[in-house]
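K.L.:
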Amino acid sequence: MKKLLTLAILLLAGLQLFAADTQLDSLKMKLQQNTNDTLKGQIYTQIASQYLKYDTIANRRKKFYYQSEALNYTMLALHNYSKYEDTTGLRVSFDNLAKVYHSQKKYSQAKWFILQSSYLSRVKKDIPNLVASLIKLSTIKMDLKDYKLAMRDLNEALSLSTANKIPKLESAVQLNYSFLYNRMKDYEKGTIALKRSQAIDEDIKKDEAAQILAMQAGQDSIQARKTDSVVSSKKKSYVSTNKKKILRKTLPSPKRLASL
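Letter by letter, the sequence shown follows residues -19 to -1, 1 to 241 in mature numbering (1 follows the signal peptide of the UniProt record, and there is no 0).
Have a look at this one:
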């Protein structure tokens, strides 16, 4: 049984890699055929996003190759976005570069790029991405054992996520508080933060379930009104037809009228 399970996992992994390689070939062909320079950044980013799936690769050499290609294509995208002052593209590129460098434990580079992403989000007042960048920044500082600075970033992220009512990000902040407290060996606070994160997630699920029920109730109400309308229309048609039949029966025919 274990052998069959292992074989199934390997087969699935092989199929995923094949699909990824096929997608990469398609995107690279698209890049070669593209004649619009303004679209190159997007295609570079799409190619990089395929290489950013390196976490799914077990082979160390192939994983490193994917990381290198992710950096290469993201840098190409970055230059293109910079040329056309595409700040959204720049922010995405900074995030992607920070991710790879963090994975490679190149913390200085990772920190620098995530700070650039954070700066762009501040300028654009993009609260969700600002909070996300602060969370990422805190994880890098945790790895650097700059716990006080990591705490400062999480405090700001929590303040922004609660003030702007973004529960999913608030949950992520609480989860990272848990990681931070555990690294600081304050396990009691770590447990409290984890429970807060889980409680927020439960509330989110309840809200989503309530929204789905409300939508279904609305659809049922619309369907009921449509059904009532059809029934009412049929009743009116039936009554009108019967009235005509009754009138035909009660009124004398033209021949009878002539004979009177």
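Positions of the beta carbon are idealized from the N, C-alpha and C atoms, including for glycine.
Since we're looking at a predicted model, the values are computed, not measured.
Go ahead and pull the three-state DSSP assignment for D167.
P.N.:
coil
K.L.:
Buried or exposed, going by whether 16 or more other CB atoms sit within 10 Å of the CB of residue 267?
P.N.:
Lying outside -19 to 241, the shown extent of the chain, residue 267 is not represented and no answer is given.
K.L.:
For the alpha helix (DSSP H) containing E66, name the first residue and the last one.
P.N.:
From DSSP, E66 is part of no alpha helix (DSSP H); its letter is neither H nor E.
K.L.:
Determine whether the beta carbon atoms of N15 and K21 lie at a separation below 8 Å.
P.N.:
yes
K.L.:
Since I believe L12 is in contact with I24 (beta carbons under 8 Å), could you give me their beta-carbon distance rounded to a whole number of angstroms?
P.N.:
5 Å
K.L.:
Whose CA, out of V112, M56, Q48 and T55, lies closest to the CA of S140?
P.N.:
V112
K.L.:
Can you confirm whether the segment 98 to 114 touches the segment 123 to 131 when touching is taken to mean that 3 or more C-beta pairs between the two stretches lie within less than 8 Å?
P.N.:
The segment 123 to 131 vs the segment 98 to 114: no contact.
K.L.:
Is Q90 helix, strand or coil by DSSP?
P.N.:
helix
K.L.:
So is P109 in contact with chain D if we call contact Cβ pairs under 8 Å?
P.N.:
No chain D is present in this structure, which holds just one protein chain.
K.L.:
Rounded to the nearest angstrom, how far is the Cβ of S119 from that of N157, given a contact under 8 Å?
P.N.:
6 Å
K.L.:
Could you give the distance in angstroms between the alpha-carbon of N136 and the alpha-carbon of L161?
P.N.:
12 Å
K.L.:
Please go through the same chain and pick out, in chain order, the residues whose beta-carbon is closer than 6 Å to the beta-carbon of Y35, but skip the five residues on each side of it.
P.N.:
Take Y35, set aside five residues on each side of it, and the residues of its chain with a beta-carbon closer than 6 Å to its own are K44, Y47 and Q48, in chain order.
K.L.:
Using 8 Å as the threshold, is the segment 180 to 199 in touch with the segment 148 to 157, meaning 3 or more CB pairs across them?
P.N.:
Contact between the segment 180 to 199 and the segment 148 to 157 is present, because at least three Cβ pairs lie under 8 Å.
K.L.:
Go through its chain and collect everything with a Cβ distance to Y32's Cβ below 7 Å, but skip five positions before and after it.
P.N.:
Y47, E50, A51 and Y54
K.L.:
Below 7 Å CB to CB, which residues in the same chain sit around P109 once its five sequence neighbours on both sides are set aside?
P.N.:
Excluding residues up to 5 positions away in sequence, I147 and L150 lie with their Cβ nearer than 7 Å to the Cβ of P109 in the same chain.
K.L.:
If you follow the alpha helix (DSSP H) that D124 is part of, which residue opens it and which one closes it?
P.N.:
Per DSSP, the continuous alpha helix (DSSP H) segment holding D124 begins and ends at I108 to D124.
K.L.:
Go ahead and pull the three-state DSSP assignment for A195.
P.N.:
Collapsing the DSSP output to three states places A195 in a helix.
K.L.:
Quick check: the Cα distance between R103 and D201, rounded to an integer number of angstroms?
P.N.:
44 Å
K.L.:
Give the DSSP-derived three-state secondary structure of A39 in the structure shown.
P.N.:
coil
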